[in-house]
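The structure appears right after this line, and notes come after that.
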Amino acid sequence: RDISAMLRTSILPTLSRAGAAMARTTVSGARAKSSFTLPSLPYDAGALEPVVMSEIMTIHHTKHHNAYVTNLNAALDKYADAEAKGDMATMIALQSAIKFNGGGHVNHSIFWTNLCAPKDSGSVSGELASKIESKWGSVEDFKTTFNGTAAAIQGSGWAWLALNTKDKSLSIQTRPNQDPLSFGGDGLIPLLGIDVWEHAYYLQYKNARPDYLKEVWKVVNWKNVEERYNEAK
9 RDISAMLRTS ILPTLSRAGA AMARTTVSGA RAKSSFTLPS LPYDAGALEP VVMSEIMTIH
69 HTKHHNAYVT NLNAALDKYA DAEAKGDMAT MIALQSAIKF NGGGHVNHSI FWTNLCAPKD
129 SGSVSGELAS KIESKWGSVE DFKTTFNGTA AAIQGSGWAW LALNTKDKSL SIQTRPNQDP
189 LSFGGDGLIP LLGIDVWEHA YYLQYKNARP DYLKEVWKVV NWKNVEERYN EAK
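The number in this note's numbering is simply the position in the sequence shown, starting from 1, with 8 added.
Right, dumping it as structure tokens:
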């Protein structure tokens, strides 16, 4: 499948929901060439303290996320050149880099908006709260199940609260590395994502991922999660 088309149909709508900076796209014939940009954080890098220290947020955003954007653009440029030349071998070879870096860009663009200062976190309410309680018994039981699932991810990856647009059910999903939930083609829409790559917490929590997961709920932006749910349902 044409990776450029996949990016336009999968990544761009997801980034739109994330409120992230969009690609400037120019079309030449049947081909599109995109330039993705690093979105600004919707708060100061120190806004999540004491849950997530400013140094972590700065490195995570300006180094890690920025690298995904840079590498995605480079891979897409190479892909466009290979496509123009009919170089199928190079096009195939580039797909893993596009998936990894494109996924990193999508996941982090959602992640930043899923977080907020502790004073603004609040609690889940309305229809989403009712669905969580119906599925897991209580919001606290949901958090416990989510944390257990996220803590069990081997190596690096993401844990997600997802809405299935086909049957309107909620579920907890995991994806390895930077695989984005939105590439599955199974109707799953990301509502809340928690990054469990060590660069998201190691400087502060060392290897104690469960401690990070316990604390991160204090900076979950439930208003944003509910907005995503209401838009996707």
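Don't be surprised by glycine CBs; every beta carbon is placed ideally from N, CA and C.
Cβ-Cβ distance between Thr217 and Ala125 below 8 Å: As a first step, residue 217 must be located in the sequence shown, where it is residue number 209. As a first step, residue 125 must be located in the sequence shown, where it is residue number 117. In the sequence as presented, Thr is not what sits at residue 217; that position holds Arg. Contact flag unset, no.
Under the three-state DSSP convention, the category Gln212 falls into: The residue given as residue 212 occupies position 204 in the sequence shown. Note: Gln212 maps to helix in three-state DSSP.
For Trp166, the nearest candidate out of Glu148, Trp144, Phe108, Gly145 (CA to CA): Along the sequence shown, one-based indexing puts residue 166 at 158. The residue with the shortest Cα to Cα distance from Trp166 is Phe108.
C-beta atoms of Leu136 and Tyr237 nearer than 8 Å: Reading the sequence shown from its first residue, position 128 is the one you call residue 136. Reading the sequence shown from its first residue, position 229 is the one you call residue 237. Cβ distance < 8 Å, so Leu136 and Tyr237 count as in contact.
Range covered by the beta strand (DSSP E) that runs through Pro198: Reading the sequence shown from its first residue, position 190 is the one you call residue 198. Unbroken beta strand (DSSP E) run through Pro198: 196 to 203.
CA-to-CA distance, Asp52 to Asp128, given in whole angstroms: Locating residue 128 in the sequence shown gives position 120, where the first residue counts as 1. Locating residue 52 in the sequence shown gives position 44, where the first residue counts as 1. Taking the straight line joining both Cα atoms gives about 13 Å.
Proximity below 8 Å, CB of Thr182 to CB of Thr153: By 1-based counting over the sequence shown, the position of residue 182 is 174. By 1-based counting over the sequence shown, the position of residue 153 is 145. No. Outside cutoff.
Boundaries (first-last residue) of the alpha helix (DSSP H) holding Leu123: The residue you call residue 123 lines up with position 115 of the sequence shown. Taken as a continuous stretch (DSSP letters only), Leu123 belongs to no alpha helix (DSSP H), as it is neither H nor E.
Three-state secondary structure (DSSP) of Glu239: The residue given as residue 239 occupies position 231 in the sequence shown. Glu239: helix per DSSP, three-state reduction.
Check: Leu49 C-beta below 7 Å from any heavy atom of the ligand ATP: Summarising the ligand content, the structure contains no ligands, and the ligand ATP is consequently not present.
Outcome for Asp175 when other beta-carbon atoms lying within 10 angstroms are tallied against a minimum of 16: Within the sequence shown, the letter at position 167 stands for residue 175. Burial call: exposed.
DSSP beta-bridge partners of Val228: As a working note, residue 228 is residue 220 in the sequence shown. Answer by DSSP bridge pairing, in chain order: Leu123.
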